[in-house]
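Asker: One structure, pasted below without further comment.
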Ligand SMILES: [Zn+2]
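In the working numbering, the protein residues as written are 1080 to 1635.
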């Protein structure tokens, strides 16, 4: 792509960014540019300077100027949004073979971390299917990994799900089903479908790779039953023995090469304490719990497709009813992280403040950011039941959220990066109170020079006598409106902070510009607002009152 064309794209995205967020941010413009023109990535060295200067320029314009210039691109953006909306309204949410009134599905989080936007997609689809098929949606805590799981995460899931407005038809925990799973294990051993293997983890891995069975695979059923009783009788150390599925060590689908069904772990469990040390794997536990709890339909992310064969083979081996599996793609947000390990690292490095840092996409973070639950659910349903991979953007979620918030948002004026104006003779105007000061936006102040006449909107006219770095000196002219630029202002100053949030990652790396704090003054009392409420600041866009303590507003 030519340099001229790239520059035009940069300008277009900077204008859009400034319109949406009040100010354009380099990081956001760069991600948009790369999304529109992947070749730009390789030329970022030369383009970075252009981005910087264009963003600076656009941020120097006032809202009216930005709107005017953006108007030539508005149709293009509107069409793209409409297309997206049409695509999503056409989604077919039917599942072949599913029947009204005989539909049961479940939402299966592992309480090993906080709920994030990725969980919202299966949840939203399951909730929708429950309604379509007049069925049930169960909450299933998949909690058989003692080392990962905590009650704290169970509680957080409950709180987030409640906030999202999801009411379940029932709830159960995998770990409450161990006695039943032990019985099924014994049944499988009795049928020759499982055996106790005493090989090291490394040996098992090598055998799987080479496709060869170990000596334990040939053990008799009675020998296996005896070893299984030893496992349950606490005769082994951690990983000293595993129960494996007796399948095919040469299977094309390598997940079928005698996978582990149970292993030994003595770590205390948040719910079961030290009652158990023989723990089932996901591959054994999930199909059996689904089948015995009456689940008819399972939604799984397509990364698990290779495991579908195993899911059904376990049920076949035990003669249990098989639920239907529908594969869906994962919902990913570009420029962000959902993986626990990555989030923990950012927290440990002090780059984000915690799991609810408003730049993250955990549900707690999105709630703090001011995203409505309806916006999350609408966004999560956006790609329907599809297997095609797509990376969604935070912008899409924010656009839905702004549409939902727009009507209820209070409209207020605020001065950003306030510049004081000292007006000689202002006391001639009865509305002016000298002790409260008079402030205008830094962006407005930049445009003035000595000798200019301006009208302070709704008040009186002044002549600029001098523009200094941190203040403007002026003289009162008159009160009656004159033909001069109208400049918004406030008197009185309650300081507040505008926190502008940009993408967490740019080009896969932490964006040190992902949070920007701008000083603001209000002429009204922030205390009169409710924490969490949305407000539209003239010329700046939508914000949410994050904290009354710090008077901080987050960009929406
Ligand atoms: Zn073995």
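Ideal Cβ placement from N, Cα and C applies to all residues, glycine included.
Would you call residue 1198 buried or exposed, if buried means 16 or more other Cβ atoms sit within 10 Å of its Cβ?
Answerer: The residue is buried, with at least 16 neighbouring Cβ atoms inside 10 Å.
Asker: At what residues does the beta strand (DSSP E) containing residue 1552 begin and finish?
Answerer: 1551-1557
Asker: Leaving aside the five residues before and after residue 1286 along the sequence, list all residues of the same chain whose C-beta is less than 6 Å from its C-beta, in chain order.
Answerer: 1293
Asker: With the cut-off set at 9 Å, would you say residue 1255 and residue 1350 are in Cβ contact?
Answerer: yes
Asker: Name all residues in chain order for which at least one heavy atom of ligand 1 lies closer than 5 Å to the residue's CB.
Answerer: 1276, 1278, 1293 and 1295
Asker: Smallest Cα separation from residue 1403: which of 1135, 1171 and 1177?
Answerer: 1177
Asker: With residue 1230 as the anchor, note down where its alpha helix (DSSP H) starts and where it stops.
Answerer: Element bounds for residue 1230: 1230-1242.
Asker: Could you check whether residue 1452 and residue 1242 sit closer than 9 Å to each other, using their CB atoms as the reference points?
Answerer: yes
Asker: Would a C-beta distance cut-off of 9 Å place residue 1601 and residue 1572 closer than the cut-off?
Answerer: yes
Asker: Measure the beta-carbon distance from residue 1633 to residue 1449 and round it to whole angstroms, keeping in mind my assumption that it falls under 8 Å.
Answerer: 6 Å
Asker: What span of residues does the beta strand (DSSP E) with residue 1388 cover, start to end?
Answerer: Note, residue 1388: premise wrong, no beta strand (DSSP E); alpha helix (DSSP H) at 1384-1397.
Asker: How many Å lie between residue 1044 and residue 1104 at the Cα?
Answerer: Here the chain covers residues 1080 to 1635 and nothing more, so residue 1044 does not appear.
Asker: With a Cβ-Cβ cutoff of 9 Å, do residue 1148 and residue 1094 count as a contact?
Answerer: yes
Asker: Give the straight-line distance between the Cα atoms of residue 1641 and residue 1471, rounded to the nearest whole angstrom.
Answerer: Residue 1641 lies beyond the residue range present for the chain, which begins at 1080 and ends at 1635; the question has no answer from this structure.
Asker: Below 8 Å on the Cβ atoms is my guess for residue 1635 versus residue 1495; work out the distance and round it to an integer in Å.
Answerer: About 16 Å separates the two Cβ atoms, so there is no contact after all.
Asker: If you follow the beta strand (DSSP E) that residue 1307 is in, where does it begin and where does it stop?
Answerer: Segment 1300-1311 is the alpha helix (DSSP H) holding residue 1307; no beta strand (DSSP E) there.
Asker: How many whole angstroms separate the CB atoms of residue 1576 and residue 1629, which I take to be in contact at a CB cut-off of 8 Å?
Answerer: 6 Å
Asker: What residue ranges within the region 1400-1439 form continuous beta strand (DSSP E) runs of no fewer than 3 residues, ordered along the chain?
Answerer: Listed in chain order, they are 1403-1407 and 1410-1412.
Asker: When you compare the region 1271-1278 with the region 1313-1327, are there three or more beta-carbon pairs, one atom per stretch, that lie closer than 8 Å?
Answerer: yes
Asker: Which two residues bound the contiguous alpha helix (DSSP H) that contains residue 1454?
Answerer: 1452-1460
Asker: Quick one: what's got a C-beta closer than 6 Å to residue 1218's C-beta in the same chain, skipping five residues either side?
Answerer: 1186, 1247 and 1250
Asker: In whole angstroms, what separates the C-alpha of residue 1482 from that of residue 1616?
Answerer: 16 Å
Asker: Would you be able to state if there are at least three C-beta pairs under 8 Å between the region 1207-1216 and the region 1231-1241?
Answerer: no
Asker: Residue 1391: which of 1407, 1414, 1365 and 1373 sits nearest, CA to CA?
Answerer: 1365
Asker: Quick one: residues in its chain with C-beta nearer than 8 Å to the C-beta of residue 1606, no 5 flanking neighbours on either side, listed in chain order?
Answerer: 1627
Asker: Could you work out which residue in 1223, 1527, 1566 and 1593 is closest to residue 1431 when comparing CA atoms only?
Answerer: Of the listed residues, the one whose Cα sits closest to residue 1431 is 1593.
Asker: Looking at the secondary structure, which residues open and close the beta strand (DSSP E) in which residue 1577 lies?
Answerer: 1573-1580
Asker: Three-state secondary structure (DSSP) at residue 1478?
Answerer: helix
Asker: Kindly identify the DSSP beta-bridge partner or partners of residue 1540.
Answerer: 1534 and 1557
Asker: Taking only the alpha-carbon atoms, compute the straight-line gap between residue 1566 and residue 1536 and give it to the nearest angstrom.
Answerer: 5 Å
Asker: So for residue 1364, helix, strand or coil by DSSP?
Answerer: helix
Asker: With respect to the beta strand (DSSP E) encompassing residue 1185, which residues constitute its N-terminal and C-terminal limits?
Answerer: 1183-1186
Asker: According to the Cβ coordinates, are residue 1145 and residue 1173 closer than 9 Å?
Answerer: no
Asker: Can you check which of these residues, 1101, 1081, 1422 and 1353, is closest to residue 1596 by C-alpha distance?
Answerer: 1101
Asker: Are residue 1455 and residue 1201 closer than 9 Å when you measure CB to CB?
Answerer: no
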